[in-house]
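Numbering (this note's numbering), first residue to last: 22 to 284.
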């Protein structure tokens with residue numbers, strides 16, 4: 022009798038050992054059922070379709086941007102002179118003016134320069150912005166013209182500063198940043214290296230803020246001491262002497278007005 026009871030106990034213990042893993046594998050009462058193969062395949066298919074839709078959207082955006090860029094380039098190549106925004110006859114009022122965008126740039130002197138309110142404070146700044154070689158003659162016409170006028174003026178505005186900004190766009194050009202800067206240093210007079218700035222990377226956002234509709238055209242703007250653009254011209258037309266003289270007269274008049282207010 023004792024032997025029979027022991028045998029039964031041994032068989033019961035063995036049964037618990039055999040069936041214990043099955044109980045562990047089964048879901049607890051009230052827990053959600055595990056995902057079936059069909060449900061898993063459906064979830065993966067939906068995720069794949071979502072990724073495909075996003076990829077198509079990015080591709081369409083890239084194609085649209087490229088088409089716009091090619092149209093802007095064709096406009097510059099086919100037309101001898103393009104003026105998207107002519108020089109205004111007077112400085113903008115505070116209501117119609119717009120702010121210069123904050124961005125980081127590298128000067129040809131090797132310094133990192135942050136274009137923000139601190140850079141513009143206490144003076145007027147004439148900025149010549151170019152994003153391609155097609156824009157350079159127009160930018161040089163305005164900047165060199167004002168530089169010459171300042172040198173010849175018997176009483177030049179002491180608080181007017183000239184700066185150049187080159188918008189170097191494209192990941193490939195960003196990789197060659199160092200040799201590009203070396204090439205620019207050789208092409209630009211050494212006296213301007215501290216004032217000649219280069220911005221590398223995507224410039225679409227700064228160009229929108231600058232109202233620079235075509236990156237292949239030049240933009241010249243006059244910025245006041247609060248970082249607000251009070252005058253700008255956007256195009257490829259090289260300015261005449263009267264156009265440069267008109268801008269110089271505006272700057273001198275504004276400088277005199279500020280002198281009266283501070284004295």
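The beta-carbon is built from N, C-alpha and C at its ideal position, and this holds for glycine as well. On a predicted model such as this, the values are computed, not experimentally measured, just so you know.
(request) Could you check the C-alpha separation between residue 129 and residue 218 for me, to the nearest Å? (result) Within the chain shown, numbered from 1, the residue matching residue 129 stands at position 108. Within the chain shown, numbered from 1, the residue matching residue 218 stands at position 197. Approximately 6 angstroms, taken between the alpha carbons.
(request) Hey, could you find the ends of the alpha helix (DSSP H) residue 155 is sitting in? (result) Locating residue 155 in the chain shown gives position 134, counting from the first residue. First-last for residue 155: undefined, no H or E at that position.
(request) My understanding is that residue 201 touches residue 189, with C-beta atoms under 8 angstroms, so please give their C-beta distance in whole angstroms. (result) Your numbering for residue 201 matches position 180 in the chain shown. Your numbering for residue 189 matches position 168 in the chain shown. Indeed they touch by this definition, with Cβ atoms about 7 angstroms apart.
(message) Let me check one thing: in DSSP terms, what residues is residue 272 bridge-paired to?
(response) The residue labelled residue 272 in the question sits at position 251 within the chain shown. Answer is none; residue 272 lacks a bridge partner.
(request) Tell me whether residue 135 is buried or exposed, calling it buried when 16 or more other Cβ atoms sit within 10 Å of its Cβ. (result) Position 114 of the chain shown, counting from 1, holds the residue named residue 135. A residue is called buried when at least 16 other Cβ atoms come within 10 angstroms of its Cβ; residue 135 does not meet this threshold and is exposed.
(request) Consult DSSP for residue 73 and reduce its assignment to one of helix, strand or coil. (result) Counting from 1 along the chain shown, the entry for residue 73 is found at position 52. If DSSP states are grouped into helix, strand and coil, residue 73 belongs with the helices.
(message) Within the continuous alpha helix (DSSP H) that includes residue 225, where are the two ends?
(response) Position 204 of the chain shown, counting from 1, holds the residue named residue 225. Looking at the DSSP string, the run of the alpha helix (DSSP H) that includes residue 225 is 225 to 230.
(message) Please tell me whether residue 252 and residue 109 are closer than 7 angstroms, where the distance is taken between their beta carbons.
(response) Within the chain shown, the letter at position 231 stands for residue 252. Within the chain shown, the letter at position 88 stands for residue 109. Contact: yes.
(message) Let me check one thing: in DSSP terms, what residues is residue 125 bridge-paired to?
(response) Along the chain shown, one-based indexing puts residue 125 at 104. Bridge partners of residue 125: 135.
(message) Here's the rule: buried if 16 or more other CB atoms are within 10 angstroms of the residue's CB, otherwise exposed. What is residue 210?
(response) Counting from 1 along the chain shown, the entry for residue 210 is found at position 189. Counting Cβ neighbours within 10 Å, residue 210 comes out exposed, since fewer than 16 surround it.
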